[in-house]
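See structure below.
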Amino acid sequence: MSQHMNVGMMTSGGLAPCLSSSIAQLVHYWVKALKDGKIASLQFRFYVDGYKGVLTGDSFILPEDTYEACDALNFLGGSPIGNSRVKLTNIKDCIARGFVKEDDTPLEVAAQQLIADKINVLHTIGGDDTNTQAAKLSQYIEEKHGGKVVVIGMPKTIDNDVYPIKQTFGADTAAHQGAIYFENVVSESTANPRMLILHECMGRDSGYLTAATAKAYRERLALQKFVPHFKTTQKSRDIHAIWIPEVSLDIEKEAARLKKIMDEHGNVNVFFGEGTGVEEIVKDMESNGEEVPRDAFGHVALAKINPGTYFSKRLAKLVGAEKTLVQKSGYFSRAAAANAFDRDLIGKCAAEGVESAIKGVSGCMGEDEDKDGTPIRAIEFERVKGGKPFDTKQEWFQTMVTEIGQQ
């Protein structure tokens, strides 16, 4: 039986090249469902700045005459409704930031807001934290208020580290954008003798983005023509080391190998994931009595402990670098608009997500690795979690590290 659908949407967490496109695709497939007679009527409500908007009641209803124009969001980076990092179960943080009052609980405040807004379906576009929080909120509403809000998560993270999802939105785009970024940065290797360039890629626990960015960059490099007799060559602009959290790092041994490259070519280029060596850095900070900065979810604030500086100081001396440059492609990469690969993946998940919502089935959309054929489906929230490591046994990765002489 067709029904009225009051659809809420929010984006949350860090940026990824998929937030705007996810909104565009969801609007498209909900409008299609309306035209196909699967629902009786439709309204979109967008919560501003993620869970902050849900807690503070900051939202807006999208006028019907704007529905078709939302297709343009497919080609826009960032989030058109804003993000924030808020954990509904972190009561102390929500109170400190002024999102709820002293005697309130964030889950109750959020539940009351969704009930007041008469939301039937909530699309949470974010990483594993965002979607698991939404599942808890949905469960809370059902248990405490006897209501039902279907939650359809859209898995956003450039780290591609969510179980059991094969490919998260935005990861492929971010890798190719990181390659474009380094294609320019690598020219700095010609600016000074014995130059050490460290390219830091995002990835707290997973080396996927670092590895995929390296692969995309080397594919671009293979198409570049070089002229004999000149100093700059394909070898000097290649990647000489790829360091990721999943692979143990003996920096002394690596430095001995890289020093030979420095002596031969006059520069060294290293790609490393921001989560590489974090445990070692944290131990050093704690042993020195320093406070380790963490975010609302308890994650180490990587930007504040600065792994790039830590590595550059150690490696520069070991390879005899005259100048060291640490460059981070993360903000450049994650702010891009979704590429064709990601738009296609987002579209397929949005189409299936709308169907699932109409049936009243909650879950996080994605290619389910635990099912035969990795079908796109609403994956049960209790099975969704972050921290999935990059599979270093994949043939393309093994071939790449062999080609650069790292093993």
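Count along the sequence shown from 1, add 1435, and you get the number used in the numbering used here. All residues carry an ideal CB built from backbone N, CA and C; glycine is no exception.
Exercise. Among G1485, H1664 and K1591, which has the Cα closest to the Cα of I1781?
Worked result: K1591
Exercise. Roughly how many angstroms lie between the CA atoms of D1500 and V1466, to the nearest whole one?
Worked result: 12 Å
Exercise. Going by DSSP, what residues sit across from G1588 in a beta bridge?
Worked result: T1559 and C1799
For this session: Mind checking who M1637 pairs with in its DSSP beta bridge?
Result: Answer by DSSP bridge pairing: none, since M1637 is not bridged.
For this session: State yes or no: is the C-beta of A1451 within less than 8 Å of the C-beta of I1593?
Result: yes
Exercise. What three-state label does DSSP hand V1819 in the structure shown?
Worked result: coil
Exercise. Do you know how far the Cα of F1661 is from the Cα of Y1652?
Worked result: 16 Å
Exercise. Is the Cβ-Cβ distance between I1587 and L1508 less than 8 Å?
Worked result: no
Problem set entry | I1686 versus W1831 - alpha carbon distance | 24 Å
For this session: Assuming L1461 and M1440 form a contact by the criterion Cβ under 8 Å, report the distance between their Cβ atoms to the nearest whole angstrom.
Result: L1461 to M1440, Cβ: 12 Å. No contact.
Exercise. A1736: buried (16+ other C-beta within 10 angstroms of its C-beta) or exposed?
Worked result: exposed
Problem set entry | Contact under 8 Å by Cβ, G1448 with G1561 | yes
For this session: For the beta strand (DSSP E) holding I1811, just list the boundary residues, first then last.
Result: I1811 to I1814
Problem set entry | Simplified DSSP assignment, three categories, for N1566 | helix
Problem set entry | Minimum C-alpha distance to V1705 - residue among G1840, E1725 and K1571 | G1840
Exercise. From F1776 to T1608, what distance separates their C-alpha atoms?
Worked result: 8 Å
Problem set entry | T1446 versus L1557 - alpha carbon distance | 11 Å
Exercise. So is T1834 buried or exposed if we call it buried at 16+ other beta carbons inside 10 Å?
Worked result: exposed
Problem set entry | Residue from L1644, T1667, Y1643 and D1673 with nearest C-alpha to A1657 | D1673
For this session: Pull up the DSSP beta-bridge partners for I1632, would you.
Result: N1704 and L1760
Problem set entry | According to DSSP, residues forming a beta bridge with R1480 | G1443 and I1496
For this session: Note down the Cα distance separating Y1598 from A1691, rounded to an integer number of angstroms.
Result: 37 Å
Exercise. Do G1708 and P1680 have their C-beta atoms within less than 8 Å of each other?
Worked result: yes
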